[in-house]
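Engineer:
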Ligand SMILES: Nc1ncnc2c1ncn2[C@@H]1O[C@H](COP(=O)(O)OP(=O)(O)OP(=O)(O)O)[C@@H](O)[C@H]1O
Ligand SMILES: [Mg+2]
């Protein structure tokens, strides 16, 4: 995916991304202070909001290849099973038992496929939402605050599962998180945003441990990994 | 009191159903379609339409009845149809009362929930048709709730059916118009009996509506 001169204006905020390039099969982190425009950027990439200006080249990907797990996931008023298999149903892919079971277990919801999805706990909802975003093999996966509600064990399980799925079905991932430890483990490259701009980009280790710009240095000043 | 259920009373109950069931069914279809269409489209003057809908939601049945009467009377625009003082005219009048109520309720719940549902459908890769289907499924309970409220309104309404139907015995006499007449005649036991039947139906409607609301409540909290 190649973004050029992307601009989105709100009354009090301007998102301005001169250039942002992602490569297939790579997991990117997107970090930055509150209100820096991370969620807005993902929404524009997902096609949920229209940019005022600029261009996104999806390099052949269509809407059906792109998915987003938002900070507050939506669940259809139905069971865990129906929610998990919804993207499969849309694509008329038969939900194989092995496939569904593996994602249920990843979400820690084995044996609970009958539960009413909106009644799940915050972390369970987050896990189901990410599992649902992965199950149909999308090519561009956008995750907003992926780990904010996950306990440590679940976080590790998901990081592992994402890495494994990258071998079978390489996809581009852009993961927003304030949990920099997760970003460090999961992502090979990291974008840093501040005040609506992409300020710095590089390999995860370089961004987190050898920041170049004063803004990133300031953002990371209390970091202890 | 139970031997009060003679042929006349049974006829009244049947007439009531003949009016209110079709009128609420037609209104449910029209109102839901209008509400969803209004939410889903952007056009100049939409806010005025919404405002008019809001106003019509509270329109007094007697006024709607009067309008229908003027339309259907012999010299009226639709006088040729010759349906004044018939069940048909009563259904039309009630449809005019209830449709805005249902469309208004459907519109406001769609306005609240549809953006979220659309975004979700988009991120799942749903087509336009699949998105529409999901919207209807997800708003199903709200639509039921609106339809049931419409039925409750229809069955308890007296002003319009009185004017348009004329409260003709054995033909257009409904429970509400019969109660009015029975009270005028001082026949309180039959009036109370019909009142009880009406209350029982209203209670059932309420129970069904509450049940639908209860199902909605879980998981919708942000806390
Ligand atoms: N629809 C909107 N209308 C007006 N302002 C908006 C809108 N959406 C976002 N903003 C503003 O844009 C800015 C960036 O918001 P965004 O949600 O992208 O931040 P973020 O980087 O995701 O922050 P956080 O870490 O807190 O989630 C914020 O200041 C927000 O107030
Ligand atoms: Mg955000």
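Protein chains in written order, with this note's numbering: chain A, 902 to 1126; chain F, 66 to 288. Idealized CB from N, CA, C, for every residue including glycine. Because the structure is a prediction, the values reported are computed rather than measured.
1) Looking at chain F, which residues of the region 954 to 977 of chain A have a Cβ within less than 9 angstroms of any of its Cβ atoms?
2) Could you tell me whether any non-hydrogen atom of ligand 1 is closer than 8 angstroms to the CB of residue 1079/A?
3) Using 8 angstroms as the cut-off, classify the Cβ of residue 256/F as near or not near the heavy atoms of ligand 1, replying yes or no.
4) Which residue from 243/F, 207/F, 154/F and 186/F puts its Cα closest to that of residue 77/F?
5) On a CA-only basis, which of 161/F, 114/F and 109/F is nearest residue 134/F? Give me that one, please.
6) Run through chain A and tell me which residues come within less than 9 angstroms of residue 190/F, C-beta to C-beta.
7) Decide if residue 984/A is buried, meaning its Cβ has at least 16 other Cβ atoms within 10 Å, or exposed.
8) Output, in sequence order along the chain, the residues in the region 167 to 185 of chain F whose CB is closer than 8 angstroms to any CB in chain A.
9) From the beta carbon of residue 284/F, is the nearest beta carbon of chain A less than 9 angstroms away?
10) Which word fits residue 147/F, buried or exposed, when buried means at least 16 other C-beta atoms lie within 10 angstroms of its C-beta?
11) Would you kindly check if the distance between the Cβ of residue 93/F and the Cβ of residue 226/F is under 9 angstroms?
12) Under a CB-based cut-off of 9 angstroms, is residue 1013/A close to chain F?
13) Report yes if the CB atom of residue 216/F is closer than 9 angstroms to the CB atom of residue 85/F, and no otherwise.
14) So with Cβ pairs under 9 angstroms, would you call residue 948/A a contact of chain F?
15) Could you name the residues of chain A that residue 203/F contacts, counting a contact when the two beta carbons are closer than 7 angstroms?
16) Please tell me whether, using a cut-off of 8 angstroms, the distance from the CB of residue 934/A to the nearest non-hydrogen atom of ligand 4 is below it.
17) With distances taken from CA atoms, which of 909/A, 1043/A and 1088/A is nearest residue 1064/A?
18) Can you say whether residue 1118/A is buried or exposed, counting buried as having 16 or more other CB atoms within 10 angstroms of its CB?
19) Closer than 9 angstroms, CB to CB, is residue 1034/A near chain F or not?
20) Given that residue 195/F touches chain A, what residues does it touch there, using C-beta distances under 7 angstroms?
21) DSSP three-state call for residue 935/A: helix, strand or coil?
22) Per the contact definition of three or more C-beta pairs closer than 8 angstroms, is the region 1047 to 1057 of chain A in contact with the region 911 to 927 of chain A?
23) At a cut-off of 8 angstroms, is residue 275/F close to ligand 2 when judged by its beta-carbon and the heavy atoms of the ligand?
24) Measuring CB atoms only, is the region 1002 to 1022 of chain A touching the region 1031 to 1048 of chain A, in the sense that at least three cross pairs come out at less than 8 angstroms?
25) Run through DSSP, which three-state label would residue 1124/A get?
26) Decide if residue 118/F is buried, meaning its Cβ has at least 16 other Cβ atoms within 10 Å, or exposed.
27) Would you call the region 185 to 197 of chain F and the region 151 to 166 of chain F touching, i.e. three or more CB-CB distances under 8 angstroms?
28) Is residue 204/F closer than 9 angstroms to residue 75/F when the C-beta atoms are compared?
29) With a floor of 4 residues, list each alpha helix (DSSP H) that falls wholly inside the region 912 to 970 of chain A, ordered by position along the chain.
30) Would you report the Cα separation of residue 926/A and residue 1081/A, rounded to the nearest angstrom?
31) If you run the structure through DSSP and keep just helix, strand and coil, what is residue 237/F?
Structural biologist: A quick look at the data gives this:
1) Per Cβ criterion, the list reads 963, 964, 965, 966, 967, 968, 969, 970, 971, 973, 974, 975, 976 and 977.
2) Closer than 8 angstroms to some heavy atom of ligand 1: that describes the Cβ of residue 1079/A.
3) Residue 256/F Cβ: outside cutoff for every heavy atom of ligand 1.
4) The shortest C-alpha separation from residue 77/F is found at 243/F.
5) Of the candidates 161/F, 114/F and 109/F, the one whose C-alpha sits nearest the C-alpha of residue 134/F is 161/F.
6) Correct list: 963, 964, 965, 966, 967, 968, 988, 991, 992, 1037 and 1039.
7) Only buried fits residue 984/A, as 16 or more other CB atoms lie within 10 angstroms of its CB.
8) So the close ones are 181, 182, 184 and 185.
9) Residue placement at residue 284/F is poorly supported in this model, since its pLDDT is 49, which falls under 50; the coordinates still yield a value, given next. Answer yes: the Cβ-Cβ gap between residue 284/F and chain A drops below 9 angstroms somewhere.
10) Around the Cβ of residue 147/F, a 10 Å sphere holds fewer than 16 other Cβ atoms; the residue is exposed.
11) Going by beta carbons, residue 226/F and residue 93/F fall outside the 9 angstroms limit.
12) Residue 1013/A has a beta carbon lying at 9 angstroms or more from every beta carbon in chain F.
13) Remark: C-beta atoms of residue 216/F and residue 85/F approach each other more closely than 9 angstroms.
14) Residue-level contact by beta carbon holds for residue 948/A and chain F, with a gap shorter than 9 angstroms.
15) Within chain A, the residues near residue 203/F are 977 and 978.
16) Absence of ligand 4 from the depicted structure is noted, with ligand 1 and ligand 2 being the only ligands included.
17) The residue with the shortest Cα to Cα distance from residue 1064/A is 1088/A.
18) Per the 10 Å Cβ criterion, exposed.
19) For residue 1034/A, a Cβ of chain F is located within less than 9 angstroms of the residue's own Cβ.
20) Listed along chain A are 991, each with a C-beta nearer than 7 angstroms to that of residue 195/F.
21) The DSSP-derived three-state label of residue 935/A is coil.
22) Not touching, per the Cβ criterion.
23) For residue 275/F, the Cβ stays outside the 8 angstroms cut-off from all heavy atoms of ligand 2.
24) Judged by Cβ distances under 8 angstroms, the region 1002 to 1022 of chain A makes contact with the region 1031 to 1048 of chain A, as three or more pairs qualify.
25) It is coil, neither helix nor strand.
26) Residue 118/F is buried by the Cβ-count criterion.
27) No, the region 185 to 197 of chain F does not touch the region 151 to 166 of chain F.
28) Taking 9 angstroms as the Cβ cut-off, residue 75/F and residue 204/F do not qualify as a contacting pair.
29) Counting only unbroken stretches of 4 or more residues, the alpha helix (DSSP H) elements lying wholly within the region 912 to 970 of chain A are 939 to 947, in sequence order.
30) Their Cα atoms are separated by approximately 21 angstroms.
31) In this structure, residue 237/F counts as coil in the three-state DSSP scheme.
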